[in-house]
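Step one of this worksheet: look at the structure below.
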Amino acid sequence: MKGIIQHYIILIIFSILLVNCKSPKDNADQNTADYEKWIQLFNGVDLEGWNVKISGHPFKTNWKNTFIVRDSAICVNYKEYEDFDNSFGHLFYEKPFSNYKLKMKYRFVGNQAKGGENWAHRNSGVMIHCQDPQSMKIDQAFPVSLEVQLLGGLQKGTPRTTANLCSPGTHVHMNDELVTAHCIDSGSDTFYGDQWVDLEVEVRGDSVIKHSINGAQVLEYNKPVIGGEYNTLEEKSGEPLKNGYISLQSESHPVEFKNIMLLELN
74 MKGIIQHYII
84 LIIFSILLVN
94 CKSPKDNADQ
104 NTADYEKWIQ
114 LFNGVDLEGW
124 NVKISGHPFK
134 TNWKNTFIVR
144 DSAICVNYKE
154 YEDFDNSFGH
164 LFYEKPFSNY
174 KLKMKYRFVG
184 NQAKGGENWA
194 HRNSGVMIHC
204 QDPQSMKIDQ
214 AFPVSLEVQL
224 LGGLQKGTPR
234 TTANLCSPGT
244 HVHMNDELVT
254 AHCIDSGSDT
264 FYGDQWVDLE
274 VEVRGDSVIK
284 HSINGAQVLE
294 YNKPVIGGEY
304 NTLEEKSGEP
314 LKNGYISLQS
324 ESHPVEFKNI
334 MLLELN
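Quick note, the sequence shown lines up with residues 74 to 339 if you use our numbering.
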């Protein structure tokens, strides 16, 4: 009997040691899985939780049904337009964020609205760190923000990167230097036709922001500040941009967004 008891004691001690010897990486992976709780920003049914601001029209006026839901996607729609007429629009999520990962699928479809700018062909964007849409002027084309610029390929063999950065009313830093160019190309591939593309953006306040396409990082920058072209918040010029609203852009070419998810980070 004594030998049996000793045998069980040894087994118990061995089991405890085995559990405690689990690698820190294993524990970290488990913790990551436990805390990565993505939330849906878009319910796939309607625009609940989202608000429209279109240039020339009051806040919450979805002029000519620019933003609609079809087949579980948010669609930028111009079927009721006779002419685009600089009606740049944005669909804002109802609350601001600071530290998060944002992911979604997007694709360009159909033809550009009549009257759209040449540069806006197969061109849209996801705006992050946006100013409060209620603070925008009635005829303001773009919110002060950082634009994750989305572009579709126009001609086979001619590169046209996506998940670029444009900076309406903002500047950023790259490699410890202030960058004042309005748009910065990413290192992505070019995507043609109406294929769905996976976009992910990692935002950590003003410390670092990363753009990824189909799982591969294509751009990184940090220290965004208010200032430059399209800045309607001149009294805040030079201030760090640490948080803000998320919006989807309408620039004259039909585009669709789906599976819009967000993970808040500590």
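Just so you know, even glycine gets a beta-carbon here, dropped at the ideal spot from N, CA and C.
Please read these numbers as outputs of a predicted model, since none were measured by experiment.
(request) On a CA-only basis, which of 337, 329, 336, 339 is nearest residue 164? Give me that one, please. (result) The residue labelled residue 164 in the question sits at position 91 within the sequence shown. The shortest CA-to-CA distance from residue 164 to any of 337, 329, 336, 339 is the one to 329.
(message) Looking only at its chain, what residues have a beta carbon closer than 6 Å to the beta carbon of residue 293, apart from the 5 residues adjacent to it on each side?
(response) Here residue 293 corresponds to residue number 220 of the sequence shown, with the count starting at 1. Only 283 meet the Cβ criterion.
(request) May I ask which residues mark the beginning and end of the beta strand (DSSP E) holding residue 329? (result) Position 256 of the sequence shown holds residue 329. Judged by DSSP secondary structure, residue 329 falls within the beta strand (DSSP E) whose first and last residues are 328-337.
(request) Give the secondary structure of residue 109 by DSSP, where H, G and I count as helix, E and B as strand, and everything else as coil. (result) Within the sequence shown, the letter at position 36 stands for residue 109. Coil, per DSSP.
(message) According to DSSP, residue 237 sits in a beta bridge with which residue or residues?
(response) In the sequence shown, counting from the first residue as 1, residue 237 sits at position 164. According to DSSP, which records beta bridges pairwise, residue 237 is partnered with 222.
(message) Considering just the uninterrupted stretch of the beta strand (DSSP E) at residue 123, what are its terminal residues?
(response) On the sequence shown, residue 123 is found 50 positions in, with the first residue counted as 1. Here the beta strand (DSSP E) through residue 123 covers 123-127.
(message) Distance check for residue 315 and residue 332, CA to CA, integer angstroms please.
(response) Locating residue 332 in the sequence shown gives position 259, counting from the first residue. Locating residue 315 in the sequence shown gives position 242, counting from the first residue. Put simply, the backbone Cα of residue 332 is about 25 Å away from that of residue 315.
(message) Give the list of continuous beta strand (DSSP E) stretches no shorter than 3 residues that lie fully inside the segment 266-298.
(response) Fully enclosed beta strand (DSSP E) runs of 3 or longer: 270-277, 281-286.
(message) Using the Cβ count rule (16 or more neighbours within 10 Å means buried), how would you classify residue 323?
(response) Position 250 of the sequence shown, counted from the first residue, corresponds to residue 323. That one is buried.
(request) Can you give me the Cβ contacts of residue 334 inside the same chain, cut-off strictly under 8 Å, excluding the 5 residues immediately before and after it? (result) For the purposes of this step, residue 334 is identified with residue 261 of the sequence shown, where counting begins at 1. Result list for residue 334: 111, 112, 113, 114, 175, 176, 177, in chain order.
(message) Please report the straight-line C-alpha distance between residue 243 and residue 270, rounded to a whole angstrom.
(response) What you label residue 243 is simply residue 170 of the sequence shown in a count that begins at 1. What you label residue 270 is simply residue 197 of the sequence shown in a count that begins at 1. About 26 Å.
(request) Measure the C-alpha to C-alpha separation of residue 217 and residue 230 and round it to an integer number of angstroms. (result) Looking up residue 217 in the sequence shown gives position 144. Looking up residue 230 in the sequence shown gives position 157. Looking at the two C-alpha atoms, the distance is approximately 34 Å.
(message) Rounded to the nearest angstrom, what separates residue 308 and residue 144 at their Cα positions?
(response) Your numbering for residue 308 matches position 235 in the sequence shown. Your numbering for residue 144 matches position 71 in the sequence shown. Take the alpha-carbon of residue 308 and the one of residue 144: they are about 43 Å apart.
(request) Alpha carbon to alpha carbon, how far is residue 268 from residue 303? Give it in angstroms, no decimals. (result) Mapped onto the sequence shown, residue 303 falls at position 230. Mapped onto the sequence shown, residue 268 falls at position 195. So the alpha carbons of these two residues sit roughly 32 Å apart.
(message) By the DSSP assignment, the beta strand (DSSP E) with residue 320 in it spans what residues?
(response) Counting from one through the sequence shown, the residue named residue 320 turns up at place 247. Here the beta strand (DSSP E) through residue 320 covers 318-323.
(message) Rounded to whole angstroms, what is the Cα-Cα separation between residue 171 and residue 200?
(response) Reading the sequence shown from its first residue, position 98 is the one you call residue 171. Reading the sequence shown from its first residue, position 127 is the one you call residue 200. One C-alpha to the other measures close to 13 Å.
(request) Alpha carbon to alpha carbon, how far is residue 228 from residue 319? Give it in angstroms, no decimals. (result) As a first step, residue 319 is located in the sequence shown; it is residue number 246 there, counting from the start. As a first step, residue 228 is located in the sequence shown; it is residue number 155 there, counting from the start. Looking at the two C-alpha atoms, the distance is approximately 30 Å.
(message) Can you tell me where the beta strand (DSSP E) holding residue 251 begins and where it ends?
(response) Start at 1 with the first residue of the sequence shown, and residue 251 comes out as number 178. For residue 251, the enclosing beta strand (DSSP E) begins and ends at 250-252.
(request) Buried or exposed for residue 124, please, with buried defined as at least 16 other CB atoms from any protein chain shown within 10 angstroms of its CB. (result) Within the sequence shown, numbered from 1, the residue matching residue 124 stands at position 51. If you draw a 10 Å sphere on the C-beta of residue 124, you find 16 or more other C-beta atoms in it, and that means buried.
(message) I need the DSSP call for residue 176, collapsed to helix, strand or coil.
(response) Position 103 of the sequence shown, counted from the first residue, corresponds to residue 176. Residue 176: strand per DSSP, three-state reduction.
(request) Below 8 Å CB to CB, which residues in the same chain sit around residue 167 once its five sequence neighbours on both sides are set aside? (result) Locating residue 167 in the sequence shown gives position 94, counting from the first residue. The answer, listed in chain order, is 122, 123, 124.
(request) For residue 196, write down the residues that DSSP places opposite it in a beta bridge. (result) In the sequence shown, counting from the first residue as 1, residue 196 sits at position 123. Partner residues in the beta bridge of residue 196, as assigned by DSSP, are 224.
(request) Could you check the C-alpha separation between residue 194 and residue 158 for me, to the nearest Å? (result) For this step, residue 194 is matched to residue 121 along the sequence shown. For this step, residue 158 is matched to residue 85 along the sequence shown. About 15 Å.
(message) Is it buried or exposed, residue 126, if we count other Cβ atoms within 10 angstroms and call 16 or more buried?
(response) For the purposes of this step, residue 126 is taken as residue 53 along the sequence shown, with counting starting at 1. Of the other Cβ atoms in all chains shown, 16 or more fall within 10 Å of the Cβ of residue 126; this residue is therefore buried.
(request) Can you grab the Cα-Cα spacing for the pair residue 104 / residue 202, in whole Å? (result) Sequence index remark: in the sequence shown, residue 104 carries index 31 (1-based). Sequence index remark: in the sequence shown, residue 202 carries index 129 (1-based). Legend: pLDDT at residue 104 = 49, less than 50; position of this residue unreliable, value from coordinates given subsequently. Put simply, the backbone Cα of residue 104 is about 28 Å away from that of residue 202.
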